[in-house]
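Notes to accompany the following structure.
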Amino acid sequence: MGSADLIALWISFRLAATTTLLLLLLCTPLAWWLAMGASRWRVLVDAVVSLPLVLPPTVLGFYLLILLGPAGSLGGVLQRLGLPAPAFSFSGLVIGSMLYSLPFAVQPLRDAFQSVGARALEAAATLRASPWNRFFTVAVPLASRGILTAVVLSFAHTLGEFGVVLMIGGNIPGRTQTASIALFDHTEALEYGAAYRLSATLVAICFALLLIVYTANRRLRATGLPA
Amino acid sequence: MKTNARKYPFGAVAALLGLVAVPIQAAALHVAVAANFLGPLQNLAPLFERASGNQLIISSSSSGQLYTQIKQGAPFAVFLSADLDKPQRLESEGLTVPGSRFVYAVGALVLWSPKPGLVDSAGKVLQAQQYRFIAIANPQTAPYGTAAQQVLTKLGLWEPLNRNRKLVTGENINQAWQFAASGNVDLAFVALSQVLGADGTIAGSSWLVPQTLYDRIEQAGVIIAHTSEQAAAQVFMNWLRTDPAALSAIRSAGYQTAN
């Protein structure tokens, strides 16, 4: 496998890890609010969160490009402030991937928090557990399955993503060319050998990662952590 | 811009994997190329690097997508389109270096089947309509699709083939080729560059469609106005237009050149 492919793999994994981490930070409070909140706006937010699934990825990428490119509305403002426009850079990929994988993080988290229910939290509250304490020692362990699902889905979905990153990233080797785009380039250039090698590597690494995560999860549960 | 700190982890990984470090670039030139010319450009890149010391950094996508990205400020210095229209548009929108546009390659259309003996050298197989499906690229978006439509229209086959639902449309010319190469369709209108082997022959059977049946498929390139790589871009475009080695590489990839 060529060094360009290894670099593309590295960018893909860095992107998937960054996106997953940021989504977890952002979506946990959002999913909590969707599961536990009392606001009438929850239905609306629920619907909006699912919208990235509706648009074709290249179309979503197109709108992001128009927004975030150096000539775009938000990107242009950033540039005038002396900041780099996010399009055609790693940060642009992260923004695009976060939006595209948003439902894959929010929905498992929301359902997991919902299944925790108010009852267990109220019981903890009567034992004078603080809200943070209740969240980390009651809700998180009870929701661990959903959290794991959210992490795995966001990570895998970002790795396999193509249309959004191609549009907003510009397929620049060493900067915004991910493994899935490098793979597509190989098939476009009719280099099927290189394409097979790269896809086999990508699938093998992901399979190993998933295996580790699921094994660890089973062990954790077997050792008595509440599931 | 990129800092050393940001580059560092990927250098570390490359070192861990036992890779040779990426050499320090004399001058990097970012080239956006239409997908159909990606393979030929990858072969041209080392020739150009040897001739000029400049390294090509190649980004590939459909011409339409690259056009949109350039309009949105993508950091490309040179745009090699699959058609004439998009470079012209960028030019009329003032986004290119004036006078930089030229036709770097002229494509040829081929009716092709991976099966030997199916396509005759006069294309009579088309009229007989003995085949189940014939693949073309999307006439709305792909230049070779437009050309295929013109050929079929001139032969009076566009209507009957559509009526009999024998046309399969690929999103681009590579998909049309893949439909045929994988045996899912009997015939496909493809680019000569896709089926021409390194030895100058074509595997399977084919009909090189006469130029009189379709408009010339001209692929134009331009230098983008907002690039900071003007000097290297000029060197590259001059080299692509005039260097004998470059021209011969383009021709052996299945294209005609203006020079």
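Top to bottom, those sequences are chains F and H.
Numbers 789 to 1015, taken from our numbering, label the letters of the first sequence in order.
Numbers -16 to 242, taken from our numbering, label the letters of the second sequence in order.
Where is the CB? At the ideal position from N, CA and C, for every residue including glycine.
Proximal residues to residue i (C-beta, below 6 Å), its chain only, five neighbours per side dropped
i: Ala11/H; result: Gln38, Ile40
i: Ala804/F; result: Phe943, Thr946, Leu947
i: Gly128/H; result: Ile119, Ala120, Asn121, Pro122
i: Ala130/H; result: Leu92, Tyr197, Ile200
Residue(s) in a DSSP beta bridge with residue i
i: Ser838/F; result: BP columns for Ser838/F are empty, so no partner.
i: Trp190/H; result: Leu94/H
i: Leu797/F; result: Its beta-bridge partners do not exist; DSSP assigns none.
i: Gln161/H; result: None; Gln161/H has no bridge partner.
i: Ile119/H; result: Thr152/H
i: Glu201/H; result: Val89/H
i: Ser44/H; result: Ala17/H
i: Gln38/H; result: Ala11/H
i: Gln239/H; result: Val89/H
i: Phe62/H; result: Ala15/H, Val205/H
i: Phe172/H; result: Leu94/H
i: Leu179/H; result: Ile185/H
i: Thr79/H; result: Ile207/H
Residue i burial status per 10 Å Cβ neighbour count (16 or more: buried)
i: Asn26/H; result: exposed
i: Leu869/F; result: exposed
i: Arg898/F; result: buried
i: Lys98/H; result: exposed
i: Val894/F; result: buried
i: Gly860/F; result: buried
i: Gln132/H; result: buried
i: Asn147/H; result: exposed
i: Glu154/H; result: exposed
i: Leu24/H; result: buried
i: Glu201/H; result: buried
i: Asn19/H; result: buried
i: Thr184/H; result: exposed
i: Ser42/H; result: buried
Near the ligand FMN: residue i beta-carbon under 8 Å from a heavy atom
i: Leu811/F; result: With respect to the ligand FMN, the structure offers nothing, as it holds no ligand at all.
Cβ-based neighbour list, residue i, same chain, cut-off 7 Å, excluding 5 preceding and 5 following
i: Thr807/F; result: Val882, Ser885, Met886, Ser889, Ser942, Thr946
i: Phe876/F; result: Gly957, Gly958, Ile960, Thr964
i: Lys137/H; result: Leu196
Own chain residues within Cβ distance below 8 Å of residue i, not counting five before or after
i: Trp141/H; result: Gln132, Leu135
i: Leu998/F; result: Val940, Ala944
i: Arg922/F; result: Leu909, Ala912, Ala913
i: Thr925/F; result: Ala912, Ala917
i: His209/H; result: Gly56, Leu78
**Message:** Can you confirm whether the stretch 905 to 922 of chain F touches the stretch 944 to 963 of chain F when touching is taken to mean that 3 or more C-beta pairs between the two stretches lie within less than 8 Å?
**Reply:** no
**Asked** What residues from the stretch 21 to 40 of chain H come within 8 Å of chain F, judged by C-beta to C-beta, listed N to C?
**Response** Leu21, Gly22, Gln25, Ile40
**Asked** If we count Cβ pairs, one from each stretch, closer than 8 Å, do we get three or more for the stretch 41 to 61 of chain H versus the stretch 69 to 79 of chain H?
**Response** Put simply, the stretch 41 to 61 of chain H touches the stretch 69 to 79 of chain H. At least three CB pairs are less than 8 Å apart.
**Item:** Proximal residues, the stretch 146 to 158 of chain H versus chain F, C-beta separation under 9 Å
**Value:** Asn155, Asn157
**Request:** Name, going along the chain, the residues of the stretch 946 to 961 of chain F whose beta-carbon falls closer than 8 Å to a beta-carbon of chain H.
**Result:** Leu954, Met955, Gly958, Asn959, Ile960, Pro961
**Item:** Near-chain F residues of the stretch 50 to 61 of chain H - C-beta to any C-beta below 7 Å
**Value:** Result list: Thr51, Gln52, Lys54, Gln55, Gly56, Ala57, Pro58.
**Asked** Quick one, which residues of the stretch 841 to 866 of chain F are near chain H if we go by CB-CB under 8 Å, in chain order?
**Response** Thr846, Phe850, Leu853, Ile854, Gly857, Pro858, Ala859, Gly860, Gly863
**Prompt:** Going along the chain, which residues of the stretch 792 to 806 of chain F sit with their C-beta nearer than 7 Å to a C-beta in chain H?
**Reply:** Leu794, Ile795, Trp798
**Message:** What are the residues in the stretch 101 to 123 of chain H lying within 8 Å of chain F by C-beta distance?
**Reply:** Listed by position along the chain: nothing, the set is empty.
**Segment contact, 8 Å Cβ cut-off, at least three pairs: the stretch 833 to 847 of chain F with the stretch 974 to 993 of chain F** = Touching, no.
**Asked** Touch check for the stretch 98 to 107 of chain H and the stretch 213 to 230 of chain H: three-plus C-beta pairs under 8 Å?
**Response** no
**Item:** Contact list for the stretch 962 to 979 of chain F against chain H, Cβ threshold 8 Å
**Value:** Gly962, Arg963, Gln965, Asp973, Thr975, Glu976, Ala977, Leu978, Glu979
**Request:** Could you tell me whether the stretch 820 to 828 of chain F touches the stretch 841 to 861 of chain F, where touching means 3 or more Cβ pairs closer than 8 Å?
**Result:** The count of Cβ pairs closer than 8 Å, one atom from the stretch 820 to 828 of chain F and one from the stretch 841 to 861 of chain F, stays below three, leaving the stretches out of contact.
**Asked** Given a limit of 8 Å on CB to CB distance, which residues of the stretch 879 to 898 of chain F reach chain H?
**Response** none
**Request:** Examine the Cβ distances between the stretch 81 to 88 of chain H and the stretch 201 to 213 of chain H and report whether three or more of them are shorter than 8 Å.
**Result:** Touching, yes, given that three or more Cβ pairs across the two stretches are closer than 8 Å.
**Prompt:** the stretch 977 to 997 of chain F: which residues have C-beta closer than 8 Å to a C-beta of chain H, in chain order?
**Reply:** Residues of the stretch 977 to 997 of chain F with a C-beta atom less than 8 Å from some C-beta of chain H are Ala977, Leu978, Glu979, listed in chain order.
**Asked** Going along the stretch 911 to 933 of chain F in order, which residues come within less than 9 Å of chain H, judged by CB to CB distance?
**Response** Listed by position, the residues of the stretch 911 to 933 of chain F near chain H (Cβ gap below 9 Å) amount to none.
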